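Reading through the structure tokens given below for one structure.
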Amino acid sequence: MITINLLPYHLRPIKRTPLPYILSTLVLLLVLVALGGLWLRGQTQISAKNAAFEQHKKELAGLQAIVDEFKRLSEQQTRLADKIQIIQEIVADRIIWSRQLFNISRLTPDNFWYSGIAEKQRTIKENRMVFNEQTGKEEMKSVTVPQRVLELSGYVITGTDGSNDIYPLTFNMEQDPEFAGLFQLSLPKLVDTEFKGYRVRNFTLEYLVMEKKEEAASAGEPKQ
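In structure tokens, the structure reads:
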């Protein structure tokens, strides 16, 4: 049976195809799949970064002990350097008296014996250049300055040559480079007396401590 639509064309019902809807749905699905892929990729990268970050944190925690030990050793090195500097400053400004006592014993002849060995402080007069505020120039003036001295006191008995002179002792000390580099003999004091019936000579020797040479000698002292 043949069906004829006699309605005018503009009144006829429009036949709609589902193809646009299908295409729109496919496009939407493709967009959702692409966005899902991008999200998964981002999540994967984030997970990888987090895993690397945790690994670095573990490595840093393992190295923290080494860092702490390094800091401790650095602080200890600084403290030791300060102590060494203090010791060097002390040694540079002092005579190694144990060494000088050995030198005194080494240089003393057999017919000498000591009743006292001491370091003392004296005041002496020296000519020094002093700034004159009135003239604005430096002038040579006699000033009183402190002076360290080594005082040796004792007795000398008659030696094998029949003499009780102190010259052998002072000669040995003046000829010894190390001792003479640190000390300079001042005027000796001598008194002839008796000790238990023997003729002896009482002596007191004062040696000026040479400050500048003292520092050089201390710096050149061999390290133990």
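Quick note: the sequence shown uses the numbering used here, first residue 1459, plus one each step. Idealized CB from N, CA, C, for every residue including glycine. All values derive from a computational prediction rather than experimental measurement.
Beta-carbon within less than 7 angstroms of residue i's beta-carbon, same chain only, minus the 5 sequence neighbours each way: which residues are those?
i     : result
T1566 : L1627
T1602 : T1581, K1583
E1672 : At E1672 the pLDDT is 39, less than 50, meaning the model places this residue with poor confidence; the figure from the coordinates comes in the next sentence. Within the same chain, E1672 has close Cβ partners I1553, L1640.
F1570 : G1612, V1614, L1627
Let me check understanding here. Comparing Cα to Cα, which of the options lies closest to residue i?
i     : options                    : result
Q1605 : E1591, F1641, M1631        : F1641
E1596 : W1555, R1586, T1602        : R1586
P1687 : N1561, S1482, N1569, A1506 : With the chain covering 1459 to 1682 only, the question about residue 1687 has no answer from this structure.
Y1572 : I1480, E1632, T1662        : T1662
G1574 : I1480, N1660, L1486, L1481 : N1660
For the beta strand (DSSP E) containing residue i, name the first residue and the last one.
i     : result
I1615 : 1595–1615
T1651 : 1647–1653
M1587 : 1570–1590
L1663 : 1656–1667
L1640 : Run containing L1640: none; DSSP gives neither H nor E here.
Among residues of its own chain, excluding the 5 on either side of residue i, which ones have a beta-carbon nearer than 8 angstroms to its beta-carbon?
i     : result
V1607 : E1577, K1578, Q1579, R1580, S1644, E1664, Y1665, L1666, V1667
N1630 : L1565, T1566, P1567
Apart from the five residues just before and just after residue i, which ones in its own chain have a Cβ nearer than 6 angstroms to its Cβ?
i     : result
I1545 : none
K1516 : none
E1609 : A1576, K1578, E1664
L1484 : none
Considering just the uninterrupted stretch of the alpha helix (DSSP H) at residue i, what are its terminal residues?
i     : result
S1556 : 1555–1565
N1630 : 1625–1633
What does the alpha-carbon distance come out to for the pair residue i and residue j?
i     : j     : result
K1541 : G1655 : 55 angstroms
V1649 : T1593 : 49 angstroms
S1505 : W1497 : 12 angstroms
G1500 : R1530 : 44 angstroms
L1518 : K1507 : 16 angstroms
T1651 : N1590 : 50 angstroms
G1612 : R1657 : 14 angstroms
Q1513 : V1525 : 18 angstroms
Q1522 : F1528 : 10 angstroms
L1559 : Q1543 : 26 angstroms
P1476 : L1488 : 18 angstroms
L1493 : P1478 : 22 angstroms
L1490 : A1509 : 28 angstroms
The stretch 1618–1627 contacting the stretch 1528–1548, beta-carbon criterion three pairs below 8 angstroms: no
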